[in-house]
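Here our numbering is used: the first residue of the sequence shown is 24, the next is one more, and so on.
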Amino acid sequence: MTKNEYIKAELDLIKLFISAILATAFLIAVYNLQTGGVHIVNTTCAVIGLMFALVLASRRYLQIAKKLLE
Numbered sequence: 024m025t026k027n028e029y030i031k032a033e034l035d036l037i038k039l040f041i042s043a044i045l046a047t048a049f050l051i052a053v054y055n056l057q058t059g060g061v062h063i064v065n066t067t068c069a070v071i072g073l074m075f076a077l078v079l080a081s082r083r084y085l086q087i088a089k090k091l092l093e
């Protein structure tokens with residue numbers, strides 16, 4: 024496996040992680056709507072944590088993509 028193939032595989036893995044984060048946030052929002060907002064504090068904290076993970080994953084993705092362009 025060449026260096027570029029390894030970097031592309033790492034980027035694909037991070038894209039998968041970002042998709043999973045967004046899907047989880049969507050499911051939490053649907054759950055919150057179905058329960059009538061009873062668990063609003065818990066779901067809000069969960070979504071804030073997921074958004075933090077999303078920012079970290081996005082930053083890592085951009086760092087690796089920059090390495091691929093060099």
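Yeah, the Cβ is synthetic: ideal placement off N, Cα and C, and Gly gets one too.
Cβ-based neighbour list, residue i, same chain, cut-off 8 Å, excluding 5 preceding and 5 following
i: Leu45; result: Leu77
i: Leu73; result: Ile44, Thr47, Ala48, Ile51
Residue environment, residue i, which counts as buried when at least 16 other CB atoms sit within 10 Å
i: Ala52; result: exposed
i: Ala48; result: buried
Which listed residue (the options) has its alpha carbon closest to that of residue i
i: Lys89; options: Ser42, Leu34, Thr58; result: Leu34
Same chain, Cβ closer than 7 Å to residue i, neighbours up to 5 away in sequence not counted
i: Leu39; result: none
i: Ala55; result: According to the sequence shown, residue 55 is Asn rather than Ala. Answer for Asn55: His62, Ile63, Thr66, listed in chain order.
Cut-off 6 Å between Cβ atoms - residues of its own chain near residue i, not counting five sequence neighbours on either side
i: Leu91; result: Ile30
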